[in-house]
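With the first letter of the sequence shown counted as 1, position 130 gets the number 123 in our numbering; the numbers rise by one all the way through. Beta carbons are placed, not taken as given, at the ideal position from N, Cα and C, and that holds for glycine. Owing to the predicted nature of the structure, the values given are computational and were not obtained by experimental measurement. Notes follow the structure.
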Amino acid sequence: MNINYYFSRFLAKKPDSPTYQSLAALQNKHMLHVPFENLDVLSQTPIIIDLERIFQKVIVNLRGGFCYELNGLFGWLLKESGYEVSFVSATVKKPDGTWTIEGSHATNLVTIENQPYIVDVGFGDSVRKPMPLNGEVVRDVSGSYRMTNVAEHMYDLQRWEDDVWKTLYRVSTLPKKLTDFTPMCEFNQTSADSPFVHKRLVTIATPTGRITLSGETLTVTDGEKKTKRNVSEEETPDILQNHFYIIKGFY
-6 MNINYYFSRF LAKKPDSPTY QSLAALQNKH MLHVPFENLD VLSQTPIIID LERIFQKVIV
54 NLRGGFCYEL NGLFGWLLKE SGYEVSFVSA TVKKPDGTWT IEGSHATNLV TIENQPYIVD
114 VGFGDSVRKP MPLNGEVVRD VSGSYRMTNV AEHMYDLQRW EDDVWKTLYR VSTLPKKLTD
174 FTPMCEFNQT SADSPFVHKR LVTIATPTGR ITLSGETLTV TDGEKKTKRN VSEEETPDIL
234 QNHFYIIKGF Y
């Protein structure tokens, strides 16, 4: 895989040294240029945890992906850039208060000067900066976030909403291999219980908010302003290209 080609995919370059500032800049740029999307799931194109294959899809073919693809690739890029990185698993908390299958989300744990951070570019509408595990509140255009320790090796990623801290997912800091997520990757492509098999979901961060295509609804968030409109199937290819940089013929 060509590391410089990957950096050019999201208008970045390899940092001179593995600092926090460089890490934060890379994460933010990645989320501004590489969408989270499930188009292969809906077209029943197999997603296999193989970084060479994922590189071809996401970097060469200018696509997005879901957590195993995006965080898998980004973790590799960070390792190649000199960062200390481990793949770790998380369990997502659903809006109704229940949990998804334990450990089904893949993300990255990056350690800089003995300080560990969760660095996630594959969770859609979420924090755009590295999240320290020490409870420090991190703010960006998407909201305020913190990590809170709930048990040994276990932390909750929380966002401040409606005057309370709401848990987005619970992460284990015990390291894993990316291939350990193969059963969950297969589940999320094929099971009727997967949130990704029922409707199209494509979302990307913008400097002032986020753009999301969910089913037939296009939502544009710009600061405090949010607009929604229905999208026809005829419009969809142009929407995917103009808003998410996904070109017809590559999905």
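Which residues DSSP lists as bridging residue i, in chain order
i      : result
Glu77  : Thr104
Ile197 : Ile204
Val157 : Glu154
Asn223 : Thr210
Ala17  : None; Ala17 has no bridge partner.
Ile111 : Leu102 and Met124
Val131 : Tyr138
Lys86  : Trp92
Buried or exposed by the 16-neighbour rule on C-beta atoms within 10 Å, applied to residue i
i      : result
Gln182 : buried
Leu233 : buried
Glu145 : exposed
Leu45  : Checking the sequence, you will find Glu at residue 45 rather than Leu. The residue is exposed, with fewer than 16 neighbouring Cβ atoms inside 10 Å.
Trp4   : At residue 4 the sequence reads Leu, which differs from the Trp that was named. It counts as exposed.
Ser82  : buried
Pro88  : exposed
Arg2   : buried
Same chain, Cβ closer than 7 Å to residue i, five either side skipped, listed in chain order
i      : result
Val134 : Thr201 and Gly202
Phe67  : His23, Asn101 and Val114
Residue from the options whose Cα sits closest to the Cα of residue i
i      : options                           : result
Gln105 : Leu16, Glu209 and Ile240          : The amino acid at residue 105 is misidentified as Gln; the sequence shows Ile. When only C-alpha atoms are compared, the closest one is Leu16.
Thr160 : Thr172, Leu167 and Met147         : Met147
Ile239 : Ile52, Leu35, Ser225 and Thr38    : Ile52
Leu171 : Ile42, Thr212, Asn(-3) and Gln14  : Ile42
Asn64  : Leu55, Val27, Thr91 and Ala185    : Val27
Lys50  : Asp231, Met(-6), Glu226 and Tyr13 : Met(-6)
Asn246 : Gly57, Ile47, Thr91 and Val112    : In this structure the chain extends from -6 to 244, so residue 246 is not present and cannot be described.
Cβ neighbours of residue i in the same chain (closer than 8 Å, five flanking residues each side left out)
i      : result
Asn127 : Gln108 and Met140
Asp215 : Thr199, Thr201 and Gly202
Thr210 : Lys221, Arg222, Asn223 and Val224
Lys0   : For clarity, residue 0 is Phe in the given sequence; the question names Lys instead. Contacts found: Lys6, Lys7 and Leu70.
Nonlocal neighbours in the same chain, by C-beta distance under 6 Å from residue i, ignoring five residues either side
i     : result
Val85 : Thr93, His98 and Tyr162
Near the ligand SAH: residue i beta-carbon under 8 Å from a heavy atom
i     : result
Asn54 : With respect to the ligand SAH, the structure offers nothing, as it holds no ligand at all.
* Asked: Taking three-plus beta-carbon pairs below 8 Å as touching, is the segment 31 to 50 in contact with the segment 182 to 191?
  -> Yes: at least three Cβ pairs fall under 8 Å.
* To do: Would you check if there are 3 or more beta carbon pairs closer than 8 Å linking the segment 58 to 77 to the segment 4 to 22?
  => yes
* If we count Cβ pairs, one from each stretch, closer than 8 Å, do we get three or more for the segment 150 to 163 versus the segment 218 to 234? -> no
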